[in-house]
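A.B. asks:
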Amino acid sequence: HDIGEHDPGSPWAIGSDEGGHDAIHPDLGTLEDFDAFVRRTHELGMEVALDLALQAAPDHPWATEHPEWFTTRADGSIAYAENPPKKYQDIYPVNFDNDPEGIYAEVLRVVRHWTSHGVRIFRVDNPHTKPLNFWEWLIAEVKRTEPDVLFLAEAFTRPAIMHELARIGFTQSYTYFTWRTGRKELQDYVEELIEAADYMRPNFFVNTPDILHASLQYGGPPVFKIRAVLAALLSPTYGVYAGYELYEHVAVKPGSEEYQNSEKYAYRPRDWSHPERTLAPYLTLLNRFRREHPAAQWLRNTTFHTVDNPDVMAWSKREGDDVVLVVVNLDPHGAREATVSLDLPALGFEWDDRIAVTDAVTGATYDWGVHNYVRLDPFDEPAHVLTVRRSNT
Numbered sequence: 095h096d097i098g099e100h101d102p103g104s105p106w107a108i109g110s111d112e113g114g115h116d117a118i119h120p121d122l123g124t125l126e127d128f129d130a131f132v133r134r135t136h137e138l139g140m141e142v143a144l145d146l147a148l149q150a151a152p153d154h155p156w157a158t159e160h161p162e163w164f165t166t167r168a169d170g171s172i173a174y175a176e177n178p179p180k181k182y183q184d185i186y187p188v189n190f191d192n193d194p195e196g197i198y199a200e201v202l203r204v205v206r207h208w209t210s211h212g213v214r215i216f217r218v219d220n221p222h223t224k225p226l227n228f229w230e231w232l233i234a235e236v237k238r239t240e241p242d243v244l245f246l247a248e249a250f251t252r253p254a255i256m257h258e259l260a261r262i263g264f265t266q267s268y269t270y271f272t273w274r275t276g277r278k279e280l281q282d283y284v285e286e287l288i289e290a291a292d293y294m295r296p297n298f299f300v301n302t303p304d305i306l307h308a309s310l311q312y313g314g315p316p317v318f319k320i321r322a323v324l325a326a327l328l329s330p331t332y333g334v335y336a337g338y339e340l341y342e343h344v345a346v347k348p349g350s351e352e353y354q355n356s357e358k359y360a361y362r363p364r365d366w367s368h369p370e371r372t373l374a375p376y377l378t379l380l381n382r383f384r385r386e387h388p389a390a391q392w393l394r395n396t397t398f399h400t401v402d403n404p405d406v407m408a409w410s411k412r413e414g415d416d417v418v419l420v421v422v423n424l425d426p427h428g429a430r431e432a433t434v435s436l437d438l439p440a441l442g443f444e445w446d447d448r449i450a451v452t453d454a455v456t457g458a459t460y461d462w463g464v465h466n467y468v469r470l471d472p473f474d475e476p477a478h479v480l481t482v483r484r485s486n487t
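Residue 177 in this note's numbering sits at position 83 of the sequence shown, with consecutive numbering throughout.
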């Protein structure tokens, strides 16, 4: 439901009598406060991203000023959103068949309003439910004057549609990474994405406001590290939704992927300064590793290596002289031993070379060759995050 005087409502029921897609709710501050927030974010080397959801709450200004932008029932009321058997009386979906020119112009105005206030990233909510030619036009119009603006497609739909969204201009795309947990399905999926790397840039989100995968519900803290390593070091771009750092893992009910006390429906203040336990230092380490190693910032340079234990996965990335190697235990419940057989030429070495691999997590250095024994305990460190150089021995 939409925001009420004493109720946060749902962030996807956009607008109120305080304003619409170009407004800031008074409880959050003013536009000047937003500008200060953006400036401070830029000072810290980050960007502000906005969710772009093309729908309206019943008291959104569009509903009264432009009722023709929605579907009208026989009784004259505006039709709310439905996904049988669910009904969403708090959301009016936009009907692009009615006054498309007016809708196109208004959405472009909204996007340019926010870019004029420093926003350079838009996470587009369910773009596959809107006309593809609209997105193609909108993205081209925005990039014609502001080519640095990014559009992320939040589209969990058929692969063909996800690929088409990329082809028409979306900069990045959500993926099925969340549901790929086994070694073979992970490797197959990455290889599938590599084939489309010329036009599609995947973003591996470890969680989202809508998706708390069962592995996170039952895998304990180790699985949060495992999934972070996979996302951060398989894909050039990855995402983390708030609460992951604090190991939030409780679902609303068994079998559900919805968070208990989801902040889609309630305020969720979190104590970031003094949590009893936090994954933040580990995520910082992964981010620093990615920044320091150009090889980690590519997708199509990924090589998977042979491992004799199906619960252990190994891959490398190489960009010039920069070579990184990752070995991860996919089982969060127990230690796994394995022999990792490296394709040394893929790392830039000869088959009989010895290499020195240094773990960015522990600082330990190992002398490796083609066949290498590993033991990874998820309750200690579930992954080796390695840099590679020629051994002096």
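Even glycine gets a Cβ: it sits at the ideal position worked out from N, Cα and C.
Would you identify the three-state DSSP class for residue 354, choosing helix, strand or coil?
C.D. replies: coil
A.B. asks: Looking at the unbroken alpha helix (DSSP H) that takes in residue 201, where does it start and where does it end?
C.D. replies: It spans 194-209 - the alpha helix (DSSP H) in which residue 201 sits, taken as one unbroken run.
A.B. asks: Which two residues bound the contiguous beta strand (DSSP E) that contains residue 483?
C.D. replies: Residues 477-484.
A.B. asks: Given residue 432, which residues of its chain have a CB within under 7 Å of its CB, disregarding the five upstream and five downstream residues?
C.D. replies: 401, 402, 403, 406, 468
A.B. asks: Going along the chain, which residues of its own chain have a beta-carbon closer than 8 Å to the beta-carbon of residue 221, five neighbours each way excluded?
C.D. replies: 229, 247, 248, 249, 259, 264
A.B. asks: Whose C-beta lies closer than 6 Å to the C-beta of residue 261 among residues of the same chain, with five residues either side of it excluded?
C.D. replies: 293
A.B. asks: Where residue 156 and residue 173 are concerned, what is the direct C-alpha to C-alpha distance, given to the nearest angstrom?
C.D. replies: Cα to Cα, the separation comes out at about 14 Å.
A.B. asks: With DSSP as the reference, please indicate the residues paired to residue 474 in a beta bridge.
C.D. replies: DSSP lists no partner for residue 474.
A.B. asks: Quick check on DSSP: helix, strand or coil for residue 467?
C.D. replies: strand
A.B. asks: May I ask you to report which of helix, strand or coil DSSP gives residue 385?
C.D. replies: helix
A.B. asks: What number of angstroms, rounded off, separates the C-alpha of residue 471 from the C-alpha of residue 477?
C.D. replies: Annotation: residue 471 to residue 477 spans about 8 Å, alpha carbon to alpha carbon.
A.B. asks: If we count the other Cβ atoms within 10 Å of its Cβ and call it buried at 16 or more, is residue 371 buried or exposed?
C.D. replies: Flag for residue 371 reads exposed.
A.B. asks: For my contact list, residue 184 and residue 151 are in at a C-beta cut-off of 8 Å; report their separation, rounded to the angstrom.
C.D. replies: 6 Å
A.B. asks: Do residue 188 and residue 164 have their beta-carbon atoms positioned less than 8 Å apart in this structure?
C.D. replies: yes
A.B. asks: For residue 514, is the classification buried or exposed, using 16 other Cβ atoms within 10 angstroms of its Cβ as the cut-off for buried?
C.D. replies: Residue 514 lies beyond the residue range present for the chain, which begins at 95 and ends at 487; the question has no answer from this structure.
A.B. asks: Comparing C-alpha positions only, which one of 331, 325, 344, 240 sits nearest to residue 306?
C.D. replies: 344
A.B. asks: Between which two residues does the beta strand (DSSP E) carrying residue 407 extend?
C.D. replies: It spans 406-413 - the beta strand (DSSP E) in which residue 407 sits, taken as one unbroken run.
A.B. asks: Nearest-angstrom Cα distance between residue 240 and residue 106?
C.D. replies: 26 Å
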